[in-house]
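Engineer: Numbers 1 to 1131, taken from the UniProt record's numbering, label the letters of the sequence shown in order.
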Amino acid sequence: TDPAPLRCARITRPMLTVKDSAGNPVFRFFWWDAYENVTKRPGEIFLFGKTYCDAVKSYVSCCVVVQNVERKIYLLPRTHVLDLHRRPTDTPVSMIDVYHEFNNNYAPRLCLKSFKSRKVTKYYCFDPNIPTESEYLEIRYSGKNPRVDADICKDGGKTFSCVFGSRSSFLEIFLLERRIKGPCWLDIVNPEPVHNPVSYCKFEIHCSKPIDVSIVQDPPPPPSLVALTINMQTVVNSTNMQNEIVMMSFLVHSKYAVDKKPPNPLFQQHFCVFTRPGDQNFPYDIHNALQTFKATKVQKMDSERALLNYFLLQVQKIDPDVVVGHDLLDYQIGLLCERLLHCKTSNISRLSKVKRADVPNKRLLEKDLFVGRLVCDIKLSSKELIKSRSYDLGTLCQNVLKLGQGERIEMESDEVPRFFQTSTDILKLITFTMQDAAYILKIMYELNVIPLALQITNIAGNVMSRTLLGGRSERNELLLLHAFSERDYIVPEKNTFKDLDDGETKRNASSKKKPAYSGGLVLDPKVGFYDKLVLLMDFNSLYPSIIQEYNICFTTISSTDSEEDISLPDQQLPPGILPTEIRKLVESRRYVKKLMNNPDLAPDLKMQYNIRQMALKLTANSMYGCLGFVHSRFYAKNLAALVTFKGREILTNTKDLVEKMLYQVIYGDTDSIMINTNTLEYDDVFKIGVRIKQEVNKLYKQIELDIDGVFKYLLLLKKKKYAAVVISKDRNHQLQYHQEHKGLDIVRRDWSQLAATAGKVTLDNILNDQPYEDRIENIHAHLAKLKEDLDQNKVPLSLLVITKQLTKDPRLYNNHTQFPHVQVALRYNKRGGRVFKAGDIVSYIICEDGTNLPATQRAYHIEELKNSEHLKIDIKYYLGQQIHPVVSRLCEPLEGTDLYQIANCLGLDTTNFKKPVRSTTEPTDNLAKTRNLFTNVDPFVFICTSCKTENKVTGVFDGNVPFLTKCANPECGIRPIDYLGSVSNQLTLSIRGYIKQYYRNQLTCEDPACVNETTRVPLKFVGKYPICTFCKKGIMYQKYTEGDLYNQLRYFQHIFDLSKLGKRPILDGTIESGIHNLKETVERVLQHSGYATINLTKLFSSLFVQNRDSIILPSVENHTIDEYEEDFDDF
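(1) Ile409: buried (16+ other C-beta within 10 angstroms of its C-beta) or exposed?
(2) Could you tell me the alpha carbon to alpha carbon distance between Val416 and Ile230, rounded to whole angstroms?
(3) With DSSP as the reference, label Thr51 as helix, strand or coil.
(4) Using DSSP's beta-bridge definition, name the partner residues of Glu848.
(5) Take residue 1133 and list the residues in its own chain whose beta-carbon comes closer than 6 Å to its own, dropping the five residues that flank it on each side.
(6) What residue does the beta strand (DSSP E) around Tyr256 start on, and which one ends it?
(7) From this set, Trp751, Lys719 and Ile766, which residue's C-alpha is nearest Val725's C-alpha?
(8) Taking 8 Å as the threshold (C-beta atoms), are Cys53 and Val64 in contact?
(9) What's the gap between the Cα of Phe584 and the Cα of Ala357?
(10) Using the beta-carbon count (16 or more within 10 Å), is Gln792 buried or exposed?
(11) I'd like the span of the alpha helix (DSSP H) that includes Glu895, first residue to last.
(12) Would the beta-carbon of Val236 fall within 8 Å of that of Ser413?
(13) Sorted by chain position, which residues of the same chain lie with C-beta nearer than 6 Å to Tyr550's C-beta, five sequence neighbours on each side aside?
(14) By Cβ distance below 6 Å, which residues in the same chain neighbour Phe1056 in space, the five residues on each side in sequence not counted?
(15) My output table needs one value for Tyr1124: the three-state DSSP class, helix, strand or coil.
(16) Can you tell me whether DSSP reads Thr91 as helix, strand or coil?
(17) Does the beta-carbon distance from Thr1029 to Asn1047 come in below 8 Å?
(18) If you check the beta carbons only, do Asn347 and Leu369 fall under 8 Å apart?
(19) By Cβ distance below 6 Å, which residues in the same chain neighbour Lys387 in space, the five residues on each side in sequence not counted?
(20) Have a look at Val18 and Val324 and give me their C-alpha separation to the nearest angstrom.
(21) For Gln1038, which beta-bridge partners are listed by DSSP?
(22) Could you tell me whether the region 895–904 touches the region 819–830, where touching means 3 or more Cβ pairs closer than 8 Å?
(23) Less than 8 Å separating the beta-carbons of Lys760 and Tyr737?
(24) For the putative contact between Glu477 and Phe634, defined by C-beta atoms under 8 Å, what is the C-beta separation to the nearest angstrom?
(25) Taking Cβ to Cβ, would you say Phe274 is nearer than 8 Å to Leu441?
(26) Hey, Leu336 and Tyr530: beta-carbon distance below 8 Å or not?
(27) Would Phe1021 be called buried (16 or more neighbouring beta carbons within 10 Å of its own) or exposed?
(28) Taking only the alpha-carbon atoms, compute the straight-line gap between Pro771 and Asn778 and give it to the nearest angstrom.
(29) Return the chain-ordered list of same chain residues with a C-beta closer than 6 Å to the C-beta of Ser161, the five sequence neighbours on each side being excluded.
(30) Should His884 go down as buried or exposed, given a rule of 16 or more other Cβ atoms within 10 Å for buried?
(31) For Asn145 and Phe29, I'd like the C-alpha separation in whole angstroms.
(32) For Val795, which residues from the same chain have a beta carbon less than 7 Å from its beta carbon, with the 5 sequence-adjacent residues on both sides left out?
(33) Need the endpoints of the beta strand (DSSP E) that Tyr878 sits in, please.
(34) Beta-carbon within less than 6 Å of Ser166's beta-carbon, same chain only, minus the 5 sequence neighbours each way: which residues are those?
(35) By how many angstroms is the C-alpha of Pro277 removed from the C-alpha of Lys637?
(36) Beta carbon of Gly668, beta carbon of Leu651: below 8 Å?
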């Protein structure tokens, strides 16, 4: 039914008050959100929440306006007064001098008629140039006056060196002074009734003094919330190419309790409103169809403007505390603002809780559209709480709600207009839209977004609406601001981008905000497939534990920008604020988890405890991040570098200790190590783990190593990339198995689901108990089946979709032709409808469009493919650039398969892949040995001067006939010996071609999926290898190395070397002389190759004493590799 508005008259002051613990009358309410408008209403804080109303016997919305929040600054006195040239004089500075300078010089600039000041003692630990403890002049003045200029704050005056606190917001000052940490029950002493309210809340109270606000002791549970879920459908007007809102669906729950399990049913009210697209008419029978439609209440509107007015009216009636939706912040709120302004809708401020007479511009309207109401965007919340290939609604329904393929109907904006052709289709569209709204609400309940955000906000002490926007750095800042303020520390100033060092800013911008110091240690992996049990051990919350172990804090170590200055603090110092706060979080979580073990615990309480411990864990683990985030107020490069330095040291020491216990460490990453136990018994592995744990943990007080898991099989590919079968025991002590994937292509979003599925099947075959040969055979068979399915169009389009995120606005990409997703986004944005922006994930399919353009320029959105007749799936691309790279990387450590065989199974052109040469002759055969020495070389080819036939030379004899005696063309009567000069010239040109190929220095990316090749050396390196300039992930190596060149020349020398033949044949003198001539041609080139010489004197010079008077070294001749070749062969 249509939700009726709550009729609640404004009640007189005596009826609003309750008695506090001291018996005083107070106005009591639970605040959920806060807002300040520094331009229109400086010095005022709006607190929005709920209070109990006797008239309706329930909680209703209220607004408390806290007035007269003062600005607060601290002036640090100088030791001596400065002269006119800002040079120190001999006159010492007293506190009264500071007061007089501020009163005479700066108070008039700030238009201060009055201000309060006092001498205070404060601490500061964020700048070594500022005393740790000092006396300050604290000044408070009205918030309606401007803040102190930035130049004065930085350079100071004649009697004071700097000013602190000028940039603090009124909300920050209020929360820190009243020590309010997140939503809670508050009492207002001396509440003032309002006759001209500035909000749409049922009650509005003014508080003239911030000191009259206090936290309720022994509070009751938080009141229930009114939750409104919205979902909308849009179309593109074909006339003006603008987006239009044609349908909105609503779900309402008026008593959503955040301290209980998700409600059942999920919502109490549901209704939908729609209108026709601007260039279409309603079907003739729409009225009759709506009368018979009973699934939900439907309201038909004649225009989009009427629809938006209906939406505003319903929001005002329902008065929601939280608005839930998908992609609200990135798209839907912006679209709403755009359409509200375009349709010139009146009273737009009704969507918020603050009345506004003027209509601001779109940018400001987006920011304040739902002021006073919490906005829960499940797309944004999901990014923090879960990992997913994509965060569109369809993917979240599959990952969170476990919906199967096809259970939810996905619609693009260009498909919506066809639903308005018939009444039946309109009803279908209503059903789909309402269904999506239900999915959105269910995902919010499933992820516990609101209860978790409440717990995190209470821990950090920030504002809940900011928590729902993400941003862990801001939450950590507020937690530390509370901690330092409570201990009389002056907190660091808010940073602006102008304040940051230009070099630091540019460096961080170019590295995508990566830390500008050494990070965690990653041990070199011992790549391979392990079928013995592997033990995984990790340190519990390593970085927070290091901060506690070594007492790392601003108060114990001077903050500098130098990474080298990383000495540990004195052990005699008292615990710092940072380790103390982390210890509180850790101990609180430990206590909450202990409470959860109570078997008699009520389900609702257990859920609350679980959410609480999750919030504590998220906050504790992210505390280190504020030290290394350059834009954080608590950025301290040396502290962050010290934490990571000790982390590297601890991991290295742990590795050494484990190896001294005669176990093999095969990999380690930041806070974990993998140990090859060489056993198949599960219980034995745990005994090994307990012994290692005891030996390591006795070295530390706060740092704790623990067993994280046991792998039955492990496929270790490279750093941060592995797949494993994890063994665990259930409650009945039965072994359970499941796969774990880390960093593989199959879990990354920029690969198609087809490639991911092929990778998963490959892993399923590798990580199982079947014989080794069957694993390889099954992988090959599956690849052949995949090719067959692609050829026969049996693969669903959804499996071919590739997704990639836009790192910036698509219009800002310089060379957009290299990025398929950017081209799709640009093309998609031109047609109207939803616009792709920075941070959005773009889906596309590589197609054949009749052009010869590279695959990166043949990307199309799935809807473009469906609506086009000439576009076809590029099967070769998916086989060669999607499936082949994924599978070949997984199979790289395995014997029995290789790039060549995988390409062969997929029907690809195998000439692009090097086929391994396997010898089938006896080991005693010298020809077989030399053949193994020359893999991946080209034969010598020369052209007959008579018949122009190509002659390939792989040895002195072609069959039983010397190659110089007979042309490859049987009908040619000219022998190659007759034009030996031409053959020799062609050999020289061939050698020069290989030398030219080497000096071209062509670099190629190691990633098989990356097609980047270049002759320019990139500027960024990892070790001694440059990073690919295209994919930004793989390293680049020479496509043709000095080793390849030398091997090719040695091969030419070998095929003309008669001494390498097993039995020396009797040849005609002319033929033998011609072969020697060709061999000498090659050797003349080899004589100039430094690759062929080993200087033994230089190689072993470090082993001898470099003193000519005491020792005379014998001369050591330079030897070539040729002299040792026979020894290597025999070995």
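For each residue, glycine too, the CB sits at the ideal point set by N, CA and C.
Structural biologist: Let me lay it out:
(1) Within the sequence shown, numbered from 1, the residue matching residue 409 stands at position 409. Exposed: under 16 other Cβ atoms inside 10 Å.
(2) In the sequence shown, residue 416 corresponds to position 416, counting from 1. In the sequence shown, residue 230 corresponds to position 230, counting from 1. Approximately 18 Å between the Cα atoms of the pair.
(3) Position 51 of the sequence shown, counted from the first residue, corresponds to residue 51. Strand, per DSSP.
(4) Within the sequence shown, numbered from 1, the residue matching residue 848 stands at position 848. Answer is Lys872.
(5) Any answer about residue 1133 is impossible in this case: the structure gives the chain only from 1 up to 1131.
(6) One-based indexing of the sequence shown puts residue 256 at position 256. That run of the beta strand (DSSP E) goes Asn243 to Tyr256.
(7) Translated into positions along the sequence shown, residue 725 becomes position 725. Residue Ile766 is the option with its Cα nearest to Val725.
(8) Within the sequence shown, numbered from 1, the residue matching residue 64 stands at position 64. Within the sequence shown, numbered from 1, the residue matching residue 53 stands at position 53. It is not a contact, given that the beta carbons lie outside the stated cut-off.
(9) Taking the first residue of the sequence shown as position 1, residue 584 is located at position 584. Taking the first residue of the sequence shown as position 1, residue 357 is located at position 357. A small correction: the amino acid at residue 584 is Lys; Phe does not occupy that position in the sequence shown. Rounded to the nearest angstrom, the two C-alpha atoms are 47 Å apart.
(10) Taking the sequence shown and counting its residues from 1, the one referred to as residue 792 is at position 792. Classification for Gln792: exposed.
(11) As a position in the sequence shown, residue 895 is number 895, starting the count at 1. Where Glu895 is concerned, there is no enclosing alpha helix (DSSP H), given that its DSSP letter is neither H nor E.
(12) Position 236 of the sequence shown holds residue 236. Position 413 of the sequence shown holds residue 413. Going by C-beta atoms, Val236 is nearer than 8 Å to Ser413.
(13) Mapped onto the sequence shown, residue 550 falls at position 550. Leu568, listed in sequence order.
(14) Walking along the sequence shown from the start, residue 1056 turns up at place 1056. Here the set comprises Ile1075, Leu1078 and Lys1079.
(15) Residue numbering aside, residue 1124 sits at position 1124 when the sequence shown is read from its first letter. Confidence in Tyr1124 is poor, its pLDDT being 33 and thus under 50, which makes the residue's placement unreliable; the coordinate value appears in the next sentence. Note: Tyr1124 maps to helix in three-state DSSP.
(16) Residue mapping note: residue 91 aligns to position 91 of the sequence shown, counting from 1. Reduced to three states, the DSSP call for Thr91 is strand.
(17) Position 1029 of the sequence shown, counted from the first residue, corresponds to residue 1029. Position 1047 of the sequence shown, counted from the first residue, corresponds to residue 1047. No; because the gap between Cβ atoms is not below 8 Å, this pair is not in contact.
(18) Taking the first residue of the sequence shown as position 1, residue 347 is located at position 347. Taking the first residue of the sequence shown as position 1, residue 369 is located at position 369. No, the Cβ-Cβ distance between Asn347 and Leu369 is not below 8 Å.
(19) On the sequence shown, residue 387 is found 387 positions in, with the first residue counted as 1. For Lys387, where only same-chain residues beyond five positions count, there are no Cβ hits under 6 Å.
(20) Your numbering for residue 18 matches position 18 in the sequence shown. Your numbering for residue 324 matches position 324 in the sequence shown. Going from the Cα of Val18 to the Cα of Val324 covers about 33 Å.
(21) What you label residue 1038 is simply residue 1038 of the sequence shown in a count that begins at 1. DSSP output for Gln1038 lists Leu1003 as bridge partner(s).
(22) no
(23) The count along the sequence shown starts at 1 and reaches residue 760 at position 760. The count along the sequence shown starts at 1 and reaches residue 737 at position 737. No, these two residues do not count as a Cβ contact at 8 Å.
(24) Here the question's residue 477 lines up with position 477 in the sequence shown. Here the question's residue 634 lines up with position 634 in the sequence shown. That belief holds up - the Cβ atoms of Glu477 and Phe634 are roughly 6 Å apart, short of 8 Å.
(25) Translated into the one-based positions of the sequence shown, residue 274 becomes position 274. Translated into the one-based positions of the sequence shown, residue 441 becomes position 441. Not closer than 8 Å, so no.
(26) As a first step, residue 336 must be located in the sequence shown, where it is residue number 336. As a first step, residue 530 must be located in the sequence shown, where it is residue number 530. In this structure, Tyr530 does not lie closer than 8 Å to Leu336 by Cβ.
(27) What you label residue 1021 is simply residue 1021 of the sequence shown in a count that begins at 1. It counts as exposed.
(28) As a first step, residue 771 must be located in the sequence shown, where it is residue number 771. As a first step, residue 778 must be located in the sequence shown, where it is residue number 778. Distance between the alpha carbons of Pro771 and Asn778: 11 Å.
(29) Here the question's residue 161 lines up with position 161 in the sequence shown. Excluding positions up to five away in sequence, the list reads Leu76 and Arg78.
(30) Here residue 884 refers to the residue found at position 884 of the sequence shown. Burial call: buried.
(31) Residue 145 sits at position 145 when you count from the first residue of the sequence shown. Residue 29 sits at position 29 when you count from the first residue of the sequence shown. Distance between the alpha carbons of Asn145 and Phe29 is about 30 Å.
(32) Translated into the one-based positions of the sequence shown, residue 795 becomes position 795. The answer, listed in chain order, is Leu754 and Asp789.
(33) Working through the sequence shown from its first residue, we reach residue 878 at position 878. No beta strand (DSSP E) holds Tyr878; DSSP gives it neither H nor E.
(34) Within the sequence shown, the letter at position 166 stands for residue 166. Here the set comprises Ile73, Arg147, Val148 and Cys153.
(35) Locating residue 637 in the sequence shown gives position 637, where the first residue counts as 1. Locating residue 277 in the sequence shown gives position 277, where the first residue counts as 1. One C-alpha to the other measures close to 56 Å.
(36) Translated into the one-based positions of the sequence shown, residue 668 becomes position 668. Translated into the one-based positions of the sequence shown, residue 651 becomes position 651. Yes, they are a contact pair.
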